[in-house]
Each structure stands twice: as structure tokens, then as C-alpha cells.
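Asks: Chains W and A, in that order, give the protein sequences. The end of the first sequence is residue 789 by this note's numbering, with every number in the run present. The end of the second sequence is residue 505 by this note's numbering, with every number in the run present. Got a structure for you, written out below as C-alpha cells; questions coming shortly.
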Amino acid sequence: MEQFFDDYTLRTVTLGTAILGAVSGALGTFAVLRRQSLLGDAVSHAALPGIGLAFILTSSKASLVLMVGAGLAGWLATAVVLLVTTSTRVKYDSALGLVLSVFFGAGLVLLTFIQKYPNANQAGLDSFLFGQAASLVVGDVITMTVLGGIVLVALLLFWKEFKLLAFDPEFAHSLVLPVRWLDIGLTTLLVVAIVIGLQTVGVVLMSAMIIAPAAAARQWTDNLGVMALISMVTGALCGVGGALLSTSTSNLPTGPTIVVCAGGFVVVSMLIAPHRGIIWQQVRQTVQNRKLKSEAVLLDLFELARKHDDLGYPHMETALRVIHPKRGTLYRQLRRLEGRGLVKMYDSGAWALTPDGILVCKQLLDERIR
Amino acid sequence: MSTFQLEIQLVAAVVAAACALPGTFLILKRMAMMSDAISHAILPGIVIGFFLTGNLSSPLLILGGAAAGLLTVVLVEWIRKTDRVREDAAIGLVFSSLFAVGVILIARFASDVHLDTDAVLLGELAFVPFDRLEIAGYDLGPQALYATGGVGLLCMGFILLFYKELKLATFDGALCATLGFLPGVLHYALMGLVSMTAVAAFDAVGSILVVALMVGPPVSAYLVTNRFGHMILYSVALGITASILGYWVAHLFDASIAGCMAVMVGLQFAILFCVAPEQGLLAAWKRRRRQKWQFAIKMLVIHLLQHEATPEAEQECRIDHLQGHMAWEESFAQGVVTRAASQNLLHTVGEYLELTHTGRELAREAIVHS
Numbered sequence: 420m421e422q423f424f425d426d427y428t429l430r431t432v433t434l435g436t437a438i439l440g441a442v443s444g445a446l447g448t449f450a451v452l453r454r455q456s457l458l459g460d461a462v463s464h465a466a467l468p469g470i471g472l473a474f475i476l477t478s479s480k481a482s483l484v485l486m487v488g489a490g491l492a493g494w495l496a497t498a499v500v501l502l503v504t505t506s507t508r509v510k511y512d513s514a515l516g517l518v519l520s521v522f523f524g525a526g527l528v529l530l531t532f533i534q535k536y537p538n539a540n541q542a543g544l545d546s547f548l549f550g551q552a553a554s555l556v557v558g559d560v561i562t563m564t565v566l567g568g569i570v571l572v573a574l575l576l577f578w579k580e581f582k583l584l585a586f587d588p589e590f591a592h593s594l595v596l597p598v599r600w601l602d603i604g605l606t607t608l609l610v611v612a613i614v615i616g617l618q619t620v621g622v623v624l625m626s627a628m629i630i631a632p633a634a635a636a637r638q639w640t641d642n643l644g645v646m647a648l649i650s651m652v653t654g655a656l657c658g659v660g661g662a663l664l665s666t667s668t669s670n671l672p673t674g675p676t677i678v679v680c681a682g683g684f685v686v687v688s689m690l691i692a693p694h695r696g697i698i699w700q701q702v703r704q705t706v707q708n709r710k711l712k713s714e715a716v717l718l719d720l721f722e723l724a725r726k727h728d729d730l731g732y733p734h735m736e737t738a739l740r741v742i743h744p745k746r747g748t749l750y751r752q753l754r755r756l757e758g759r760g761l762v763k764m765y766d767s768g769a770w771a772l773t774p775d776g777i778l779v780c781k782q783l784l785d786e787r788i789r
Numbered sequence: 136m137s138t139f140q141l142e143i144q145l146v147a148a149v150v151a152a153a154c155a156l157p158g159t160f161l162i163l164k165r166m167a168m169m170s171d172a173i174s175h176a177i178l179p180g181i182v183i184g185f186f187l188t189g190n191l192s193s194p195l196l197i198l199g200g201a202a203a204g205l206l207t208v209v210l211v212e213w214i215r216k217t218d219r220v221r222e223d224a225a226i227g228l229v230f231s232s233l234f235a236v237g238v239i240l241i242a243r244f245a246s247d248v249h250l251d252t253d254a255v256l257l258g259e260l261a262f263v264p265f266d267r268l269e270i271a272g273y274d275l276g277p278q279a280l281y282a283t284g285g286v287g288l289l290c291m292g293f294i295l296l297f298y299k300e301l302k303l304a305t306f307d308g309a310l311c312a313t314l315g316f317l318p319g320v321l322h323y324a325l326m327g328l329v330s331m332t333a334v335a336a337f338d339a340v341g342s343i344l345v346v347a348l349m350v351g352p353p354v355s356a357y358l359v360t361n362r363f364g365h366m367i368l369y370s371v372a373l374g375i376t377a378s379i380l381g382y383w384v385a386h387l388f389d390a391s392i393a394g395c396m397a398v399m400v401g402l403q404f405a406i407l408f409c410v411a412p413e414q415g416l417l418a419a420w421k422r423r424r425r426q427k428w429q430f431a432i433k434m435l436v437i438h439l440l441q442h443e444a445t446p447e448a449e450q451e452c453r454i455d456h457l458q459g460h461m462a463w464e465e466s467f468a469q470g471v472v473t474r475a476a477s478q479n480l481l482h483t484v485g486e487y488l489e490l491t492h493t494g495r496e497l498a499r500e501a502i503v504h505s
């Protein structure tokens, strides 16, 4: 902890990654719910020519200038995707793949031009490609904080509208909300959130920062606000965790470490989250299976007893075994039912329903008929 | 043109053809983004293959990469089946996590070897002729040509052999399954091909160009044809053209070859997007214009039919009345009348409009059909 407050670089990087994680977590919530997870991937690749062009035009490597360029290019990419998908039969995924690779290719071409500049040091631009958290300086973090703050405030201001847009755009339209403009606005916010993170985690891994915290948060709640909050906290935690891990270990790049942390969060959430967790689902299924099996034995006993005047008429296990060939299971089920006081065993080894058992059987049959 | 240049173009053309073949299926199955996912996710497979063999040009690397590609497909499918995360989010999560693992592996254990993330993402076609295949002292040409050519032939063979099964699985998976053709097996075989193509090609052209060549040409072909076979042929042709054009553009401007090829792919799409016979913007604009006039003409003849031989006909069937009654601009009204007259639907008697027999027929038909 002491080291944390003393070390200037570590403090800067950790703050930067935390902000990036929180902002992308918030916007990712909407991207994941609106099935736009891969838009983040396309936008982050498509930002490259914008970065190159911004550098060529201004010869500046200030992160704000490059971010503006990246944002404009990313925004243009989403506009192209929209145009192509609405005016031809080309599907959304194809349009994404096309825009992603073509924009990125154009970015590569621009980078080769920049390399030929007499005094161009490409280092600052390279960090956008693959992410270089260690290169963050206080100025970058201030830019990220301001931009991220603007994004979050805008999200809060239009929260109700964006919520409606995410879940029921037709209803939003019928309320005469400007659905198209809201869509553009939310997408713009997503583009800004992506641009904020590019320098830190790079083009390829940025999509994970959008998707992973939101996908993890989705498992824990069905409430949009709660989901966004969990997603922000998860994103920030991943950012901080990744940054700390990578500085404490040699040769561990920050961006990928953050992404692996985020991936871990998703896996754990999918497994153990209440209600949606896969483990709980398995438990519920086992309990359900067991219940169905013992009910089956109980009802078989009832069915046999019905052939006699007395519903409590005892039957040998052999008679039941004809219906339930697996002896072990059958015995276990009978013992379990006995424990619940629904059947009893006579000294002769025969089994009969107790009055309680008869009652339960009648209820079960009633339910099934209904 | 030197042999050097010829070899680069040859490799580029082979890569383009090899990518376009499986790419066509990806587009039609709405899985275009799988090309992006697989081409990134092969990284850890290649790294592990390298650790096992210690040799960057070992064929085991292709197998390792292909295995990682298949792992991506399996993981995405598995996550989708749990129903906890949607497919698009699952794709984004899996490939970015695998890529992150690859980057970490390189940084931790192979930082001193020539195996950069740059090389994977960007590739360098210009270096292809330096890596030659020699058997018993004979120079057989660049190694990449054999790797990509082999995979390309494999794709071609597979498609030729299972053409109708693949067609069925692509367009009607359910029917394919009922007829007993195992669409699941075909799906994995196809994804295996995508993975192998991506691995064989990434070394030469980088993973982003793999995406451009897998998605771009088939999408362009999709704009101009409705026939499956034609689409495959066109996309191969378009891919080869784009790659050779891209090479010469790069040569002209001394820019990144892969980048220029991707830009050419984009340019092809942009041109076809505008001028494609049915899907293009121009065709759509013409169609809308034609429909606008046709609709107006129908309205006019219906209007005339309604008022024909009635007391107010004198008043209603005049050109200058249309402006008020139909809310048409004067020039538009004049245009409609001229067009209707040239189609022999009416003739003008001074200011007065009179339907011909054909015009009356059209009006009656329009009323009946609407």
C-alpha cells in the first residue's frame, strides 16, 4: 500500500485503468443488452485511421487530439455499418467485419506514411495499437477522467430514455421519443468509452473491456441500474487488479492481464451467481430429479394398492421392482419416503402407504390432472 | 516485374482465393465475425506450438493454431448453450481472452524470439519471398505459397466434394438435419477450414487482412448475385483482383501492402454498393423514383375515372386542378400528365384531361387490386 502511494507511475496507471474499467463497464451494459457486443470490436479497430489522420494533420501526440481523431473514425464506422445494413441485404455481422478490417487496413496505410515523416517517432501511436498502460501520464488520466465523466453524466441524464431504447424501442417510438437520435447518442457514448481505453489496453482487447464486465454483471441481477453499477465496479476492479498484478510481476503486460481478470470474473459469475449460476442450476436440477423419482415410486405404490379395497395394502419390493428395475435406487427411494413418513415397511418386508402418503398421492394426481 | 514481385503477388492471390472460399459460408451463415475471432484466437495455439517445437516454421504451428481456432468455436458454442451470455458477447469474450493469453505467453516466455503481436496482427507480405522451401538443395519457391496453397486446395476439395450438403446446411439447417446430413459435423469441418486458412495466411498477411479477405469479397459478391455457386466464384475473383490491385497501389505509394489490399477490398465493396444491379444504392434510387411516378400515374387515372362523365368533370379533370386536389406541385403534376400521355393512358384536350381506353383499364385494375 505504501508503495502504491509512493510510486507515481503505478498510481497513474491504476487510476487510469480503474476509470477506463468503470466507464466501459457502464456503456458495456447497454452494448451487451442491445446485442452490440461486437460493435465495440469494430469501433476500436476502425479508430486507427482516425488516430493516424489526427497525427498527420496536427503533428501532435497529445492524447486528446488522438482521441478526437479516433472517436470521429469510430463514429464514422458505426454510421457506415448502419447505412450498409439498412440499405442492402448485407447482414449486421458482415458489415461489422468489413468495416473493421477495411478501416484498420486504411489505418495501416496511414501508419506507413507516418513512419516516413522526417522526425516522426511512432512510439506514441503504437501504444494505441497494442495498448501500453505503462505509458500513461497524469495528463492522459485527466483527459480520461474528464471524458469519462462527461459520458457517465450523459448516461445518467438520459437514463430513462436509454433504458426504454434498450428494452422496447417500438414503445419508445410510440411515446414520440426521438428513437433514432437516442440510438445515435448512445452509440456515440459507446464510441467515446472505447476511445478512452484504446491507449491503455489496445485495439484488440478493448472489446473485452466492453463485454466482460457487463456479461459478468448480467448474471447477478435482472435490474438495469444494478447491472450497470456491478458492471462499473467489476470493470474498475479488473483494471486495478490487472494493473497491480502486472506491475508486481515481471514481463506481464497490463492490457492482457486486465482482460484475463475480466474473463475470470465472467466465468466465476456464470458459475456461482445466485439464480443464474450454473452450479445452482445443477443443484436445482438434481433436487428436482430426486423429487420426481421418489414421487414416481410413491405413485406406483398407490397404483398397485388401488387394485385392492385398501389403499394402505402392502406390496413386496419385488412387485415394485418390476416397474423399477434398478434395485438400489428403488430401495433408497423407499427409505427416503419412509423418512418422510409417507410409506412404512411391515415385518414381512412388504411396503404400504401411510395415511399421509395416500393424501400426498391424491394431491399429486390432482395436480397432474390439472 | 521481378520474380520477387511476382512471388508476392502469387502468394497474395492464393491467400485471397483460400480466404474467399470459407468466407462465403461465413457470410451466408451470419458468422462473419467468427473470422475475426478465429484469426485472433489462433495466437495462443501458435505460441504453444512454438514452445513445443522451438521452430517458427514448423507445420505443428499450423495444427496448434487450428486447434486454438476450433477451441474458440467450441467455447463460443458451449457458452451460448448455457444461455447465460448471448452469442455475440460470447464471441467477443472468447477471442479476446485467448488473444490476451497468447500475448501474455509471448511476453513471459518468448520475449526474445521473433514472435511479435505486431507480426500476428499486421503480417508482412514483403518478407514472404525470403522464407523459401528447399528440398535437397532445390529452391522450390516461397514457403508461404505452399502453406496457403495447400490449405486453399483443401478448402476447394472440401467444397467440391460436399457442395450440395454444404449448400443445404447453409440455407436450411433443419432440413439438412432431417435428411441425416449432420449439419453439426459440417459446421465444425467448415470452422476447422476457417481456422487452418487463418493460420496459414496470418504469417503472410496478418490476421486483419485475413478478416478483410474472408468477409470483404464474399459480401461484395453477395450484392451482385443471388446464386450460391456464382457467389463463390465471384468472391474468389474479387479477392484475387483486390489483392493484386492492392499490391500495386502499395508499390506506387510505398505503403503497407496488407493495408492497401484491405483498402482495395473496401473500395470494391463501395463501388458495388453504389452500382450493383439490384442491391446497389443507384438501383434502389432508380426503383424508388420509378415507383413514385407509377404511383402518381395510377392516382391520376383513378382520379379521372372517378369524375369521368359526371357534372363536375369539367372542373375536376383539369391539370391546374390537380395541384389543389392531389397536393402536387405544378411541375410534378405536369410531369405525371406528360408521362401518362406518353404511355397512352390519356390525352389532353386543351386544359382538359381525357382517359383513353388503356387508361380506363389501368384505373379499374388498380382499384380492384388495392
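Just so it is clear, CB atoms sit at the ideal spot from N, CA and C, and this is done for glycine as well.
Kindly indicate if chain A contains any beta-carbon less than 9 Å away from that of alanine 489 of chain W.
Replies: By 1-based counting over the first sequence, the position of residue 489 of chain W is 70. Cβ-Cβ to chain A under 9 Å: no for alanine 489 of chain W.
Asks: Name, please, each residue of chain A whose Cβ falls closer than 9 Å to the Cβ of threonine 676 of chain W.
Replies: The residue given as residue 676 of chain W occupies position 257 in the first sequence. Going along chain A in sequence order, the residues near threonine 676 of chain W (Cβ under 9 Å) are Ala235, Ile239.
Asks: What residues in the stretch 623-651 of chain W have a beta carbon less than 7 Å from any beta carbon of chain A?
Replies: Flagged, chain order: Val623, Leu624, Ser626, Ala627, Ile630, Ala631, Ala634, Gln638.
Asks: Per DSSP, what kind of secondary structure is lysine 582 of chain W in: helix, strand or coil?
Replies: Within the first sequence, the letter at position 163 stands for residue 582 of chain W. In the structure shown, lysine 582 of chain W sits in a helix (DSSP, three-state: H, G or I).
Asks: Who are the Cβ neighbours of aspartate 274 of chain A in its own chain at under 7 Å, not counting the five residues just before and after it?
Replies: Along the second sequence, read from residue 1 onward, the residue named residue 274 of chain A stands at position 139. Excluding sequence neighbours, aspartate 274 of chain A sits near Arg267.
Asks: Hey, does glutamine 618 of chain W have any beta-carbon neighbour from chain A nearer than 9 Å?
Replies: Counting from 1 along the first sequence, the entry for residue 618 of chain W is found at position 199. Cβ-Cβ to chain A under 9 Å: no for glutamine 618 of chain W.
Asks: Which runs of the alpha helix (DSSP H) spanning at least 4 residues fall entirely within the stretch 179-224 of chain A, listed in chain order?
Replies: For the stretch 179-224 of chain A, whole alpha helix (DSSP H) runs of length 4 or above, ordered along the chain, are 194-217.
Asks: I'd like the list of long-range same chain contacts for alanine 448 of chain A, defined as Cβ closer than 6 Å, with 5 residues on each side in sequence excluded.
Replies: For the purposes of this step, residue 448 of chain A is taken as residue 313 along the second sequence, with counting starting at 1. Cβ within range, chain order: His442.
Asks: Using CA atoms only, rank isn't needed, just tell me which of A:Arg495, A:Leu161, A:Pro446, A:Gly308 is closest to leucine 517 of chain W.
Replies: Mapped onto the first sequence, residue 517 of chain W falls at position 98. Among A:Arg495, A:Leu161, A:Pro446, A:Gly308, the Cα nearest to that of leucine 517 of chain W is on A:Leu161.
Asks: Measure the Cβ-Cβ separation of alanine 627 of chain W and leucine 228 of chain A and say whether it is below 9 Å.
Replies: Counting from 1 along the first sequence, the entry for residue 627 of chain W is found at position 208. Counting from 1 along the second sequence, the entry for residue 228 of chain A is found at position 93. Their beta carbons are under 9 Å apart, which means alanine 627 of chain W touches leucine 228 of chain A by this criterion.
Asks: Quick one: what's got a C-beta closer than 8 Å to methionine 326 of chain A's C-beta in the same chain, skipping five residues either side?
Replies: Here residue 326 of chain A refers to the residue found at position 191 of the second sequence. Met169, Ile173, Gly204, Leu205, Val208, listed in sequence order.
Asks: I'd like to know whether the C-beta atoms of cysteine 452 of chain A and leucine 488 of chain A end up nearer to each other than 9 Å.
Replies: Stepping through the second sequence from its first residue, residue 452 of chain A is reached at position 317. Stepping through the second sequence from its first residue, residue 488 of chain A is reached at position 353. Closer than 9 Å, so yes.
Asks: Please tell me whether threonine 217 of chain A has its Cβ less than 9 Å away from any Cβ of chain W.
Replies: Here residue 217 of chain A corresponds to residue number 82 of the second sequence, with the count starting at 1. So yes, threonine 217 of chain A belongs to the interface.
Asks: Give me the residue from W:Leu530, W:Pro733, W:Arg755 with the minimum Cα distance to leucine 476 of chain W.
Replies: For this step, residue 476 of chain W is matched to residue 57 along the first sequence. When only C-alpha atoms are compared, the closest one is W:Leu530.
Asks: So which of A:Leu435, A:Val320, A:Pro318 has the shortest CA-CA distance to phenylalanine 467 of chain A?
Replies: Numbered from its first residue, the second sequence carries residue 467 of chain A at position 332. Ranking A:Leu435, A:Val320, A:Pro318 by Cα distance to phenylalanine 467 of chain A puts A:Leu435 first.
Asks: Contact criterion: CB-CB distance below 9 Å. Does arginine 165 of chain A meet it with respect to chain W?
Replies: Sequence index remark: in the second sequence, residue 165 of chain A carries index 30 (1-based). By this cut-off, arginine 165 of chain A is an interface position.
Asks: Work out the CA separation of glutamate 500 of chain A and alanine 225 of chain A for me, nearest whole Å.
Replies: Within the second sequence, the letter at position 90 stands for residue 225 of chain A. Within the second sequence, the letter at position 365 stands for residue 500 of chain A. The straight-line gap from Cα to Cα measures roughly 54 Å.
Asks: Assuming the contact rule is C-beta atoms closer than 8 Å, glutamine 618 of chain W and serine 463 of chain W should be a hit. Round their C-beta distance to whole Å, please.
Replies: To locate residue 618 of chain W, count along the first sequence from 1; it is residue 199. To locate residue 463 of chain W, count along the first sequence from 1; it is residue 44. Contact doesn't hold; Cβ gap of about 11 Å is too wide.
Asks: Among residues of its own chain, excluding the 5 on either side of valine 499 of chain W, which ones have a beta-carbon nearer than 7 Å to its beta-carbon?
Replies: Here residue 499 of chain W refers to the residue found at position 80 when the first sequence is read from its first residue. Excluding residues within five positions, the ones whose Cβ falls inside 7 Å are Val518.
Asks: Within 10 angstroms of the Cβ of valine 451 of chain W, are there 16 or more other Cβ atoms? Answer buried if so, exposed if not.
Replies: Position 32 of the first sequence holds residue 451 of chain W. Looking at its Cβ environment, which holds 16 or more other Cβ atoms inside 10 Å, valine 451 of chain W is buried.
Asks: With a threshold of 16 other CB atoms inside 10 Å of the CB of proline 693 of chain W, please say whether the residue is buried or exposed.
Replies: Working through the first sequence from its first residue, we reach residue 693 of chain W at position 274. Classification for proline 693 of chain W: exposed.
Asks: Any idea which residues DSSP pairs arginine 267 of chain A with across the strands?
Replies: For this step, residue 267 of chain A is matched to residue 132 along the second sequence. Beta-bridge pairing links arginine 267 of chain A to A:Pro277.
Asks: Relative to chain A, which residues along the stretch 517-533 of chain W have a C-beta separation below 9 Å, given in chain order?
Replies: Result list: Leu517, Val518, Leu519, Ser520, Val521, Phe522, Phe523, Gly524, Ala525, Gly526, Leu527, Val528, Leu529, Leu530, Thr531, Phe532.
Asks: Using the three-state DSSP reduction, which class does tryptophan 463 of chain A fall into: helix, strand or coil?
Replies: Residue numbering aside, residue 463 of chain A sits at position 328 when the second sequence is read from its first letter. Three-state result, tryptophan 463 of chain A: coil.
Asks: Go ahead and pull the three-state DSSP assignment for glycine 715 of chain W.
Replies: Working through the first sequence from its first residue, we reach residue 715 of chain W at position 296. According to the sequence provided, residue 715 of chain W is alanine. The question's glycine does not apply to it. If DSSP states are grouped into helix, strand and coil, alanine 715 of chain W belongs with the helices.
Asks: Using 9 Å as the limit for Cβ to Cβ distance, is aspartate 266 of chain A near chain W?
Replies: For the purposes of this step, residue 266 of chain A is taken as residue 131 along the second sequence, with counting starting at 1. By this cut-off, aspartate 266 of chain A is not an interface position.
Asks: Counting only runs that start and end within the stretch 641-673 of chain W, where is the alpha helix (DSSP H) found for 4 or more residues in a row?
Replies: If we require 4 residues or more, the alpha helix (DSSP H) runs fully inside the stretch 641-673 of chain W come out as 643-667.
Asks: Determine whether the Cβ of histidine 175 of chain A lies closer than 9 Å to any Cβ atom of chain W.
Replies: Counted from its first residue, the second sequence places residue 175 of chain A at position 40. At least one chain W Cβ lies under 9 Å of histidine 175 of chain A.
Asks: Is there a Cβ from chain A that is less than 9 Å from the Cβ of isoleucine 438 of chain W?
Replies: Reading the first sequence from its first residue, position 19 is the one you call residue 438 of chain W. Judged by the 9 Å Cβ criterion, isoleucine 438 of chain W is not in contact with chain A.
Asks: What is the DSSP secondary structure of methionine 166 of chain A, counted as helix, strand or coil?
Replies: On the second sequence, residue 166 of chain A is found 31 positions in, with the first residue counted as 1. Coil at methionine 166 of chain A, not helix or strand.
Asks: Can at least three beta-carbon pairs, one atom from the stretch 651-663 of chain W and one from the stretch 585-602 of chain W, be found at a separation below 8 Å?
Replies: As far as the Cβ criterion goes, the stretch 651-663 of chain W does not touch the stretch 585-602 of chain W, which means the pair count is below three.
Asks: Histidine 438 of chain A to glutamine 450 of chain A, Cα distance in whole Å?
Replies: For the purposes of this step, residue 438 of chain A is taken as residue 303 along the second sequence, with counting starting at 1. For the purposes of this step, residue 450 of chain A is taken as residue 315 along the second sequence, with counting starting at 1. C-alpha separation (whole angstroms): 12 Å.
Asks: So is histidine 460 of chain A buried or exposed if we call it buried at 16+ other beta carbons inside 10 Å?
Replies: By one-based count along the second sequence, residue 460 of chain A stands at place 325. Exposed, because fewer than 16 other Cβ atoms sit within 10 Å of the Cβ of histidine 460 of chain A.
Asks: Tell me which residue opens and which closes the beta strand (DSSP E) that threonine 332 of chain A is part of.
Replies: The residue given as residue 332 of chain A occupies position 197 in the second sequence. Threonine 332 of chain A -> not in any beta strand (DSSP E); alpha helix (DSSP H) instead, spanning 318-359.
Asks: Rounded C-beta distance between leucine 371 of chain W and glycine 469 of chain W? I'm assuming under 8 Å.
Replies: Lying before the first or after the last residue shown, residue 371 of chain W is absent from chain W, which here runs from 420 to 789.
Asks: Can you check whether the C-beta of leucine 416 of chain A is within less than 9 Å of a C-beta belonging to chain W?
Replies: Taking the first residue of the second sequence as 1, we reach residue 416 of chain A at position 281. Interface residue, yes.
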